[in-house]
Ligand code: FNR
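Numbering (my numbering), first residue to last: 82 to 470.
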């Protein structure tokens, strides 16, 4: 039975017998500095930084370092299995490609490359409302791959209904409603250069391909991209959103619904009480509330409170295979990868995303095995110890 960890042998064989070393580093924590050498200042400014001074983004990564894996020995792990099922979606491993907008900033192929890479690996692709390719284009690239749709809930109900209907028709099975971005966070690196791609109609492909949105415009987005950008800006912020509106959404989406951006245990409980199917414990990679709690620090209490009633997914700060092990041991059913795959995209398009995914899953598989586990399903908090302070 092949294992994701076999990728390690493949790299060694290619190096030793074919004189082919990997084009991109296998140290996934070093991807950011490598991507920085190829990304434009605008792309770097949009992708890498976080809100404010970046305290939460740093805290996300630091939180992983406060946990240590405690390997167990002499437990047969010759056959390992990372396959999983999250709310009815079969996945080759408990890792999804999280919703990340404006991916053409990283590479001209943008979301199409990511959707193809995800399908090739049997991992779930989550399409962002702020994508630079449309719902339908990404679905076509994703083919038979598993795919979910991430909703930024616009203030225009008819537009919202149209997004949902298009996503359903294009084969997206689950809805991930991002609730932490009803207003854009304070992002100095973009503000300092007065740069917001959406106002140039970059990262608004779902809107500019939408019949309801187009009806609101006097001229086509090609004729007047500025007016389309302003129309987007008039429907995107939705600070009036509240729990009472969730039944409206439920009536319009018959598949599973997850809330992304949950940080407080009481909000996780409310999500369960409102009949949602899952939460993504996330602080948006520190891009929204600077000073917010590290996402990993919030995970155990949320998993304890609602893990038996709904799926608990996690993101913000996952950089390596051991990070995935830690998040799963602390109660996540699966994790969403964010920036690392975007760096792979920047470095080599689809091949770069595949490289990052293969390395991450290989490191996950080898870490699990070397720690004495045959499957991520065997992980619990006994697998970890708090690092001495
Ligand atoms: C994001 N994220 C995001 N989330 C979302 O729900 N919709 C979106 O359109 C975007 N767009 C986006 C763009 C960029 C450039 C980044 C870096 C992130 C947040 C994303 O889904 C995820 O929560 C974070 O990326 C997790 O943090 P790390 O692990 O990337 O630091």
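Glycine included, every Cβ here is placed at the ideal spot set by N, Cα and C.
Residue i to residue j, Cα distance in whole Å?
i: residue 193; j: residue 154; result: 43 Å
i: residue 396; j: residue 258; result: 14 Å
i: residue 352; j: residue 104; result: 44 Å
i: residue 120; j: residue 425; result: 11 Å
i: residue 300; j: residue 290; result: 14 Å
i: residue 356; j: residue 349; result: 11 Å
i: residue 365; j: residue 422; result: 15 Å
i: residue 242; j: residue 235; result: 10 Å
i: residue 148; j: residue 400; result: 14 Å
i: residue 87; j: residue 94; result: 11 Å
i: residue 313; j: residue 285; result: 8 Å
i: residue 160; j: residue 448; result: 14 Å
i: residue 453; j: residue 464; result: 9 Å
i: residue 335; j: residue 164; result: 26 Å
Let's see if you can read the secondary structure: which residues bound the beta strand (DSSP E) around residue i?
i: residue 172; result: 170-172
i: residue 359; result: 359-362
i: residue 148; result: 148-150
i: residue 341; result: 338-343
i: residue 466; result: 465-467
i: residue 395; result: 392-395
Within the continuous alpha helix (DSSP H) that includes residue i, where are the two ends?
i: residue 165; result: Where residue 165 is concerned, there is no enclosing alpha helix (DSSP H), although the beta strand (DSSP E) it sits in stretches over 165-167.
i: residue 289; result: 286-289
i: residue 117; result: 112-117
i: residue 316; result: 306-316
i: residue 334; result: First-last for residue 334: undefined, no H or E at that position.
i: residue 436; result: 420-451
Would a check of beta-carbon distances place residue i closer than 8 Å to chain C?
i: residue 262; result: Of the protein chains in this structure there is only one, and it is not chain C.
Are there any heavy atoms of ligand 2 lying less than 7 Å away from the beta-carbon of residue i, as far as the coordinates show?
i: residue 112; result: No copy of ligand 2 appears in this structure; the ligands present are ligand 1.
If residue i sits next to residue j, beta carbons under 8 Å apart, how far is it from one beta carbon to the other, in whole angstroms?
i: residue 442; j: residue 85; result: 4 Å
i: residue 367; j: residue 223; result: Wrong, their Cβ atoms sit about 28 Å apart, outside the cutoff.
i: residue 191; j: residue 435; result: Contact doesn't hold; Cβ gap of about 15 Å is too wide.
i: residue 414; j: residue 175; result: 7 Å
i: residue 418; j: residue 384; result: Not confirmed; about 19 Å, so no contact.
Q.
When you compare the segment 169-186 with the segment 198-214, are there three or more beta-carbon pairs, one atom per stretch, that lie closer than 8 Å?
A. yes
(Q) Could you tell me which whole alpha helix (DSSP H) segments of length 4 or greater appear in the segment 194-224? (A) 216-223
Q. Can we say the segment 164-179 touches the segment 263-274, given the rule of at least three CB pairs closer than 8 Å?
A. no
Q. Looking at C-beta atoms only, is the number of pairs between the segment 129-145 and the segment 274-294 that lie closer than 8 Å three or more?
A. no
Q: Flag this pair as touching only if the segment 419-433 and the segment 374-382 have three or more C-beta atom pairs under 8 Å; answer yes or no.
A: no
Q.
Tell me whether the segment 338-354 and the segment 387-394 touch, counting them as touching only if at least three CB pairs, one residue from each stretch, are closer than 8 Å.
A. yes
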